[in-house]
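Heads up: the first sequence runs through residues 8 to 240, numbered per the working numbering.
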Amino acid sequence: MLELHRKGKQLVLEMRSGSCLLLHLGMSGSIRVCVGEMEPESHVHALWQLQRDAVTMSLRHRDPRRFGWLESHASMASVHASAWSALGPDALEISSEQLAASLRESRRPLKSLLLDQGRIAGLGNIYVDEILFRAGLHPECASHRVPPGVVSRLARITREVLARAVELGGSTIRDHRTVEGAWGSFQDEHRVYGRVGLPCRVCGTPLSTRQVSQRTTVFCRRCQSRTPQEGRP
DNA sequence: GGCAGCCTGGTT
DNA sequence: AACCAGGCTGCC
């Protein structure tokens, strides 16, 4: 295997031959690479033995809840032309212009738009809630009503939250592990996710919950205003 | 645009 | 035994 590529939640392993394995880990999936044999484990759906010179390496895809998938592509060009053409810009690098373009014409709730992989690729339920809290925005605020200055701040916070989460190895709630098998620790910095009823870390108000876009949503009704003001710090 | 359904394991 | 979480697809 030569190279790794990623867009949003999708990962590509590009082989030396140029052929590609495109995969999505779903919510409980993981891939592990190790030298030599691997200890047996449950829920392994695919296993490769890779030969490099005299060394054998094992690559394994484990996915207890089977929400993940993988498909084979002849080349990166094929990946770009199919699966990746349906994805919006990557959330780690989203610009305020790109975000503004998505928000401008939609009356949908902000949270629903941020979860839409075709608009912005890479955000799931945890990170959307964490981003909206840090941006001081209500999850049900109509997307087109977010003023330009606030959109630019939202884009910056999106990039910052994800970069920090990556730095900490992600959020280990239950299944998630880093590629080395370690726990992530971004959950220690969660402000709202998993904290329903607990006091807001900023103002002490008990955190609220509600279904938004068929997703459990946690937010602070005091810190996250429904009508964002331009120029908020 | 909403919503059921897919699936498993942990919780109630 | 019933319910829930989560990402995404496919059907209204």
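Every residue gets a Cβ at the ideal spot worked out from N, C-alpha and C, and that includes glycine.
What does the alpha-carbon distance come out to for the pair residue i and residue j?
i, j, result
"G36", "V209", "34 angstroms"
"V42", "L66", "9 angstroms"
"A107", "V225", "24 angstroms"
"G25", "M34", "28 angstroms"
"E48", "R69", "8 angstroms"
"E104", "R111", "10 angstroms"
"G201", "T63", "41 angstroms"
"L161", "L57", "43 angstroms"
"L139", "S92", "27 angstroms"
"S82", "A90", "12 angstroms"
"K118", "R222", "9 angstroms"
"D123", "A61", "45 angstroms"
"R217", "S102", "29 angstroms"
"A84", "V135", "30 angstroms"
"V19", "G211", "43 angstroms"
"W55", "V219", "40 angstroms"
"E187", "S109", "36 angstroms"
"P116", "A88", "30 angstroms"
"A189", "E44", "19 angstroms"
"L121", "G131", "8 angstroms"
"E46", "V153", "51 angstroms"
Short of 8 angstroms in beta carbon distance, which residues of its chain neighbour residue i, apart from the five on each side in sequence? Order them along the chain.
i, result
"R114", "A149, S150 and H151"
"G143", "C230, Q231, S232, P235 and R239"
"G191", "A172, L175, G176, G177, S178, T179, H183, R184 and T185"
"H197", "I133, E137 and S178"
"P213", "G204, L205, P206 and C207"
"L99", "G129, R166, L169, A170 and V173"
With a CB to CB cut of under 6 angstroms and the five nearest residues on each side skipped, what residues in its chain are close to residue i?
i, result
"R228", "S215"
"G95", "G125, R126, I127 and A128"
"R141", "I164"
"H80", "C27, L29 and V86"
"R39", "R67"
"W76", "H31"
Across which residues does DSSP place residue i in a beta bridge pair?
i, result
"W91", "Answer is none; W91 lacks a bridge partner."
"S215", "F226"
"I38", "H68"
"H80", "C27"
"P206", "P213"
"T63", "Q58"
"H20", "First, the residue type needs correcting, since residue 20 is Leu and not His in the sequence shown. Its beta-bridge partners are L11 and L28."
"S232", "L144"
"A53", "H68"
Tell me which residues share the same chain as residue i and place their Cβ nearer than 7 angstroms to its Cβ, disregarding the 5 neighbours each side in the sequence.
i, result
"R59", "none"
"Q194", "S178, T179 and I180"
"E78", "L29"
"D97", "K14, G15, A128 and G129"
Is any heavy atom in the ligand GTP found nearer than 6 angstroms to the beta carbon of residue i?
i, result
"Q221", "Ligands are entirely absent from the displayed structure, and the ligand GTP is therefore not among its contents."
Below 8 angstroms, can you find three or more Cβ-Cβ pairs linking the segment 173-182 to the segment 142-158?
no
Check whether the segment 10-18 touches the segment 160-168, taking contact to mean three or more Cβ pairs, one atom from each stretch, closer than 8 angstroms.
no
Could you say if the segment 152-162 and the segment 178-186 meet the contact criterion of at least three C-beta pairs nearer than 8 angstroms?
no
At a cut of 8 angstroms, does the segment 70-80 reach the segment 45-61 through at least three beta carbon pairs?
yes
Tell me the start and end of each unbroken beta strand (DSSP E) in the segment 139-186 that is at least 3 residues and wholly inside, in chain order.
none
Secondary structure, alpha helix (DSSP H): runs of 4+ residues fully inside the segment 90-141:
103-111 and 117-122
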